[in-house]
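> Numbering (our numbering), first residue to last: 153 to 245. Note that the Cβ used here is the ideal one computed from N, Cα and C, for glycine as well. First, the structure itself, so that you have it in front of you.
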Ligand SMILES: [Ca+2]
């Protein structure tokens, strides 16, 4: 196989693998537990809510980029109940 085609194939396989890892079949309960752990870790000043920098510094990149959508009351912070509501939505709960 020409080197170029091999590289394309590897790239496609890599993307497929990333997509699979991303859509891991976590149960709602597992996802909820992980969310709560992430939230506690990310809330570095311990005020019970996350600012966008806190989310971003904790590596919660999906939250950081969807911050305004998750922050449903638009106070500039995301609370655990807001995140839990979003998770419940994603799981059809
Ligand atoms: Ca905080």
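Would you kindly work out how many angstroms separate the C-alpha atoms of residue 243 and residue 159, rounded to a whole number?
Roughly 36 Å separates the two Cα atoms.
> Name the two residues that bound the continuous alpha helix (DSSP H) containing residue 180.
From DSSP, the alpha helix (DSSP H) with residue 180 extends over 180 to 194.
> Apart from the five residues on each side of it in sequence, which residues of its chain come closer than 8 Å, Cβ to Cβ, to residue 186?
Hits under 8 Å: 178.
> Cβ atoms of residue 201 and residue 231: under 8 Å apart, would you say?
In contact: residue 231 and residue 201 (Cβ atoms closer than 8 Å).
> Is the Cβ of residue 188 closer than 8 Å to any Cβ of chain B?
Checking the listed chains, one finds no chain B in this structure; it contains a single protein chain.
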